[in-house]
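Just below is one structure, and these are the notes that go with it.
Take a look at the structure:
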């Protein structure tokens with residue numbers, strides 16, 4: 048609503064800035080670089096998934112489409128999930 052007021056010529060910059068500052072304070076910044084950064088963790092998780100999928104699929108998981116990759120991963124999860132009792 049404040050942004051609409053601004054578009055219509057209202058002076059709401061300070062209010063918008065206060066809200067943005069509050070929102071930014073809610074989230075801690077993530078570390079992306081380094082040996083324990085998110086990038087390394089994402090690459091390691093991808094390699095782990097490729098290893099698991101590679102045991103179930105005759106093709107290299109790195110060469111399949113994104114849809115095939117995740118569908119295969121979901122099927123593996125379903126096969127390995129414990130049976131729920133009704």
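In the working numbering, the protein residues as written are 48 to 133.
C-beta: ideal position from N, C-alpha, C; glycine also.
Among 77, 117, 124, 79, which residue has its Cα nearest to the Cα of residue 93?
-> The count along the chain shown starts at 1 and reaches residue 93 at position 46. The option with the nearest alpha carbon to residue 93 is 117.
Kindly indicate which residue of 74, 90, 75 has the alpha-carbon position closest to the one of residue 81.
-> Within the chain shown, numbered from 1, the residue matching residue 81 stands at position 34. Nearest of 74, 90, 75 to residue 81, Cα basis: 90.
Buried or exposed by the 16-neighbour rule on C-beta atoms within 10 Å, applied to residue 100 = Within the chain shown, residue 100 is the residue found at index 53, counting from 1. Residue 100 should be labelled buried.
If you drop the 5 nearest sequence neighbours on each side, which residues of the same chain put their C-beta closer than 8 Å to that of residue 111?
-> Mapped onto the chain shown, residue 111 falls at position 64. Here the set comprises 104, 119.
Let me know the secondary structure DSSP gives residue 81 once reduced to three states.
-> Mapped onto the chain shown, residue 81 falls at position 34. Coil at residue 81, not helix or strand.
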